[in-house]
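Everything in the first sequence is counted per this note's numbering, starting at 246 for the first residue and increasing by one.
Virtual Cβ for every residue (Gly too), placed ideally from N, Cα, C.
Working notes for the structure below.
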Amino acid sequence: MTPEDLAAAIAQAVDQALAAGQLSVGLDTEVVVERPKNREHGDYATNTAMRLAKANARSPRDIAQQLADRLRAVDGIEAVEIAGPGFLNIRLAAAAQGALVRTIAERGSDYGRTETLAGQTINLEYVSANPVGPVHIGHARWAAVGDSLARLIVATGATVVREYYFNDAGAQIDRFAASLDAVARGEPIPEDGYRGDYIVDVAAEVIKANPELLDEPREKTLEVFAHDGIELMFTAIRKSLSDFGVAFDVYFNEREMHASGAVEATVQKLREAGHVYEADGAVWLRTTDFGDDKDRVIVRSDGRPTYFCADLAYYVDKRERGADKVVILLGADHHGYVGRMRSLVSGLGENPDETLEIIIGQLVNIRGGKMSKRAGNLLTLEELVEAIGVDAARYALVRSSMDTTIDLDLDLWASQTSDNPVFYVQYAHARIASLLRNGAELGFPLPDLADIQLELLNHEKESELLGALGEFPRIVAAAAQFRAPHRVARYLEELAGTYHRFYDACRILPHGDAEPAPEMAPRLWLCEATRLVLANGLALLGVRAPERM
RNA sequence: GCCCCUGUAGCUCAGGGGAUAGAGCGCUACCCUCCGGAGGUAGAAGCGAAGGUUCGAAUCCUUCCAGGGGCACCA
Numbered sequence: 246m247t248p249e250d251l252a253a254a255i256a257q258a259v260d261q262a263l264a265a266g267q268l269s270v271g272l273d274t275e276v277v278v279e280r281p282k283n284r285e286h287g288d289y290a291t292n293t294a295m296r297l298a299k300a301n302a303r304s305p306r307d308i309a310q311q312l313a314d315r316l317r318a319v320d321g322i323e324a325v326e327i328a329g330p331g332f333l334n335i336r337l338a339a340a341a342q343g344a345l346v347r348t349i350a351e352r353g354s355d356y357g358r359t360e361t362l363a364g365q366t367i368n369l370e371y372v373s374a375n376p377v378g379p380v381h382i383g384h385a386r387w388a389a390v391g392d393s394l395a396r397l398i399v400a401t402g403a404t405v406v407r408e409y410y411f412n413d414a415g416a417q418i419d420r421f422a423a424s425l426d427a428v429a430r431g432e433p434i435p436e437d438g439y440r441g442d443y444i445v446d447v448a449a450e451v452i453k454a455n456p457e458l459l460d461e462p463r464e465k466t467l468e469v470f471a472h473d474g475i476e477l478m479f480t481a482i483r484k485s486l487s488d489f490g491v492a493f494d495v496y497f498n499e500r501e502m503h504a505s506g507a508v509e510a511t512v513q514k515l516r517e518a519g520h521v522y523e524a525d526g527a528v529w530l531r532t533t534d535f536g537d538d539k540d541r542v543i544v545r546s547d548g549r550p551t552y553f554c555a556d557l558a559y560y561v562d563k564r565e566r567g568a569d570k571v572v573i574l575l576g577a578d579h580h581g582y583v584g585r586m587r588s589l590v591s592g593l594g595e596n597p598d599e600t601l602e603i604i605i606g607q608l609v610n611i612r613g614g615k616m617s618k619r620a621g622n623l624l625t626l627e628e629l630v631e632a633i634g635v636d637a638a639r640y641a642l643v644r645s646s647m648d649t650t651i652d653l654d655l656d657l658w659a660s661q662t663s664d665n666p667v668f669y670v671q672y673a674h675a676r677i678a679s680l681l682r683n684g685a686e687l688g689f690p691l692p693d694l695a696d697i698q699l700e701l702l703n704h705e706k707e708s709e710l711l712g713a714l715g716e717f718p719r720i721v722a723a724a725a726q727f728r729a730p731h732r733v734a735r736y737l738e739e740l741a742g743t744y745h746r747f748y749d750a751c752r753i754l755p756h757g758d759a760e761p762a763p764e765m766a767p768r769l770w771l772c773e774a775t776r777l778v779l780a781n782g783l784a785l786l787g788v789r790a791p792e793r794m
């Protein structure tokens with residue numbers, strides 16, 4: 246019996262009580278089933294009776310009593326107790342608990358998937374680093390979190406389009422080209438230009454491909470530097486991300502959008518909606534009508550649209566391509582953008598509460614290692630991966646809530662010890678894989694599921710492990726719904742600990758030549774079920790689940 | 001000045017209204033005739049402050065204090 250099955254049974258008990266006239270008002274929300282922290286409170290607990298108390302004007306314990314009587318009759322429920330202010334503490338029969346192993350084994354890599362968000366199409370944009378420099382640590386967090394979030398959303402039944410906005414228009418491109426041009430000519434880089442070793446490398450490559458370039462008029466060289474430089478940067482960016490295990494479904498070109506007239510069309514739409522006025526030679530949108538603190542320019546006095554005008558056109562494009570919801574991951578340094586963008590969307594006559602979700606994440610600081618002491622240049626994604634590896638990097642970046650600023654300790658994440666959380670989780674997986682290999686070699690492969698007696702899994706540590714495994718689908722669903730991949734990481738760490746405690750207390754393979762005890766066959770399957778959940782969870786984070794390490 | 005995020009154990013962090021607030025590291029004391037000790041057991045130690053809402057608040061609201069980030073006809 247899974248927690249979901251139990252929740253359904255409780256809901257049914259409520260319905261029966263309603264039908265029997267014991268209750269006059271039902272539940273207005275889903276049944277809440279939780280694992281009590283204290284084992285004496287049973288395998289599961291529900292606050293259903295307390296939630297029903299007020300609307301029915303009855304005492305919670307009184308309602309709990311009636312629900313308990315009905316639940317005791319449910320197959321698989323061994324005991325129901327009323328405790329505290331009106332909790333129902335429920336204990337499952339060992340066989341009902343053990344049956345979870347069969348569920349997990351049968352679903353395999355699908356265990357954890359739900360249909361929670363089925364039917365939705367979500368456009369998820371993240372990273373979108375400008376092609377004027379390498380992917381650095383500031384982007385890496387969104388690469389790790391965004392990719393994991395995409396996997397989570399897929400696991401809850403929704404359709405995801407992973408999107409990268411390739412920002413190849415605007416003033417930063419001009420500054421980038423000017424910087425390359427200056428370096429190539431041996432001139433000082435302009436005040437507002439880009440510095441860094443990569444500028445020198447890119448300039449050299451462009452010159453290599455166009456040996457005569459510097460003989461051309463400056464107008465022409467800037468054009469070539471812009472075009473070829475962006476091309477080179479973009480290739481490098483895609484390679485860094487791909488080496489990091491992150492790929493996108495759509496790489497969207499800003500330049501093409503301008504060329505297609507989509508930006509113009511969006512301005513026209515806003516004009517028709519009546520929120521536009523002209524002042525100081527520029528075109529303004531009256532975003533103050535939608536709660537912004539001041540109006541915003543959408544077309545500059547020189548006739549070029551501003552970046553958020555383009556961003557709005559981009560939003561429209563995503564919606565027209567079928568996105569029910571446009572989700573964008575941004576760093577905290579962009580938080581001022583949220584209100585503006587919401588106002589712009591409102592200006593189009595859409596409801597940003599329903600169609601736009603901008604997730605603001607806090608930034609990443611580096612500690613430890615030699616990288617943190619370097620002046621000037623930011624740590625690049627490539628350097629991060631070189632320092633601690635892809636698994637540790639992804640795990641470290643995805644393990645904290647996005648609301649928390651991360652202080653990344655490179656020495657810790659590079660270490661191959663249990664201090665390092667990613668090793669703790671991967672180790673548990675490798676340990677189980679090794680155990681199953683040993684078992685097969687000793688003549689104890691995983692037996693046929695139909696032949697094992699799952700009710701023998703009645704040891705306290707087995708019960709705790711089963712309980713933890715049963716939580717997985719709800720953890721995944723909540724992580725997707727709250728856009729909080731770190732919950733999966735934290736869960737895996739707990740699961741690894743729960744497994745180690747079980748392992749410490751319960752013998753799985755026989756000693757030497759001894760005959761296997763009857764509970765060993767189901768235990769092997771319990772191990773396999775745990776391994777599957779660890780592997781499925783790590784996959785959602787984009788981290789490998791090693792067979793040995 | 002205005003806006004956003006954060007403040008939980010010595011350190012790094014979980015905890016999205018429920019029972020006695022958790023984990024890892026560090027510290028103290030333990031467990032190897034035993035399937036991977038990269039493990040486990042036990043212990044000391046905490047919600048920034050003050051109000052409020054609620055049967056019940058680390059969680060929601062208000063104020064204050066402290067730290068971080070932001071407030072362009074740049075992106």
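**Request:** Determine the contact status of LEU785 and LEU345, defining contact as a CB-CB distance below 8 Å.
**Result:** Not in contact: LEU785 and LEU345 (Cβ atoms no closer than 8 Å).
**Message:** If you measure between the beta carbons of ALA389 and VAL405, is that distance less than 8 Å?
**Reply:** Their beta carbons are not under 8 Å apart, which means ALA389 does not touch VAL405 by this criterion.
**Request:** Under 8 Å by Cβ, that's how I've got LEU779 and VAL670 pegged, so tell me the actual separation to the nearest angstrom.
**Result:** With 8 Å as the limit, LEU779 and VAL670 qualify as a contact, their Cβ atoms being about 7 Å apart.
**Request:** List the endpoints of the continuous beta strand (DSSP E) containing ILE582.
**Result:** Before going further, note that residue 582 is Tyr rather than Ile in the sequence given. DSSP places TYR582 outside any beta strand (DSSP E); the residue lies instead in the alpha helix (DSSP H), whose first and last residues are 581 to 592.
**Message:** For ALA350, tell me which candidate among MET765, ALA695 and PHE747 has the shortest Cα-Cα distance.
**Reply:** Ranked by Cα distance from ALA350, the options MET765, ALA695 and PHE747 are led by ALA695.
**Asked** What are the boundary residues of the alpha helix (DSSP H) that GLY712 is part of?
**Response** Bounds of the alpha helix (DSSP H) holding GLY712 are 705 to 726.
**Message:** Excluding the 5 residues flanking VAL380 on each side, which residues of the same chain have their C-beta closer than 6 Å to its C-beta?
**Reply:** Excluding residues within five positions, the ones whose Cβ falls inside 6 Å are ALA374, ILE482, SER485 and LEU626.
**Prompt:** If VAL542 sits next to THR551, beta carbons under 8 Å apart, how far is it from one beta carbon to the other, in whole angstroms?
**Reply:** Contact flag correct, Cβ pair sits at about 5 Å.
**Message:** Looking at the strands, I want to know which residues DSSP matches up with LEU530.
**Reply:** VAL521 and ARG541.
**Prompt:** What alpha helix (DSSP H) runs, 4 residues minimum, are completely inside the stretch 608 to 663?
**Reply:** Within the stretch 608 to 663, the alpha helix (DSSP H) runs of at least 4 residues that lie entirely inside it are, in chain order, 626 to 633, 635 to 643 and 655 to 659.
**Item:** DSSP beta-bridge partners of LEU272
**Value:** None, per the DSSP bridge assignment.
**Buried or exposed (CB count within 10 angstroms, at least 16 for buried), ALA290** = Counting Cβ neighbours within 10 Å, ALA290 comes out buried, since at least 16 surround it.
**Request:** Could you check what DSSP says for THR401 in three-state terms: helix, strand or coil?
**Result:** Coil at THR401, not helix or strand.
**Distance CB(THR401)-CB(ALA725) smaller than 8 Å** = A contact, by the Cβ cut-off of 8 Å.
**First and last residue of the uninterrupted beta strand (DSSP E) at GLU602** = Run containing GLU602: 601 to 606, per the beta strand (DSSP E) assignment.
**Prompt:** The beta strand (DSSP E) with TYR496 in it runs from where to where?
**Reply:** 495 to 498 is the span of the beta strand (DSSP E), which, as asked, contains TYR496.
**Message:** Given this structure, state the Cα-to-Cα distance separating ILE633 from GLU468, to the nearest angstrom.
**Reply:** Whole-angstrom Cα-Cα distance: 39 Å.
**Request:** Starting from PHE553, trace the alpha helix (DSSP H) both ways and give me its first and last residue.
**Result:** PHE553 -> alpha helix (DSSP H) spans 552 to 565.
**Asked** Taking just the CA atoms, how far does GLU323 sit from LEU699?
**Response** Approximately 16 Å between the Cα atoms of the pair.
**Request:** List the residues that DSSP assigns as beta-bridge partners of ARG358.
**Result:** Answer by DSSP bridge pairing, in chain order: TYR356.
**Simplified DSSP assignment, three categories, for ILE232** = Residue 232 lies beyond the residue range present for the chain, which begins at 246 and ends at 794; the question has no answer from this structure.
**Request:** With DSSP as the reference, label ARG303 as helix, strand or coil.
**Result:** Reduced to three states, the DSSP call for ARG303 is coil.
**Request:** Can you tell me the Cβ-Cβ gap for GLY712 and ARG386, rounded? I've got them flagged as a contact below 8 Å.
**Result:** Going by Cβ atoms, the distance from GLY712 to ARG386 rounds to 32 Å, so no, they are not a contact pair.
**Request:** Decide yes or no for the touch test of the stretch 489 to 496 against the stretch 433 to 440: beta carbon pairs closer than 8 Å, at least 3 of them.
**Result:** With a cut-off of 8 Å on Cβ pairs, the stretch 489 to 496 is not in contact with the stretch 433 to 440, counting fewer than three such pairs.
**Item:** Exposure label - GLN513; buried when at least 16 CB within 10 Å
**Value:** Exposed.
**Message:** Please report the straight-line C-alpha distance between ALA341 and ARG317, rounded to a whole angstrom.
**Reply:** The alpha-carbon atoms of ALA341 and ARG317 are separated by roughly 14 Å.
**Message:** Quick check on ARG407: does DSSP put it in helix, strand or coil?
**Reply:** Residue state, collapsed to three classes: strand.
**Asked** Quick one: what does DSSP say VAL325 is sitting in, helix, strand or coil?
**Response** VAL325: strand per DSSP, three-state reduction.
**Item:** Any 3 or more C-beta pairs closer than 8 Å across the stretch 347 to 365 and the stretch 446 to 458
**Value:** The stretch 347 to 365 vs the stretch 446 to 458: no contact.
**Request:** May I ask you to report which of helix, strand or coil DSSP gives TYR289?
**Result:** In the three-state DSSP reduction, TYR289 falls in the strand class (E or B).
**Request:** Inspect the CB distances between the stretch 251 to 269 and the stretch 282 to 298 and report whether three or more fall short of 8 Å.
**Result:** Taking one beta carbon from each stretch, the stretch 251 to 269 and the stretch 282 to 298 have 3 or more pairs nearer than 8 Å; the two touch.
**Asked** Which partner residues does ILE573 have in the DSSP bridge list?
**Response** Beta bridge pairing from DSSP links ILE573 with GLU370 and ILE603.
**Message:** I need the straight-line Cα distance from ASP250 to ILE367, nearest angstrom please.
**Reply:** ASP250 and ILE367: Cα-Cα distance of roughly 29 Å.
**Asked** Taking 7 Å as the cut-off, is the CB of TYR439 close to at least one heavy atom of the ligand FMN?
**Response** The ligand FMN is absent from the structure shown, which contains no ligand whatsoever.
**Same chain only: Cβ atoms within 7 Å of HIS520, ignoring 5 sequence neighbours per side** = Within the same chain, HIS520 has close Cβ partners LEU530, ARG531, ASP534 and GLY592.
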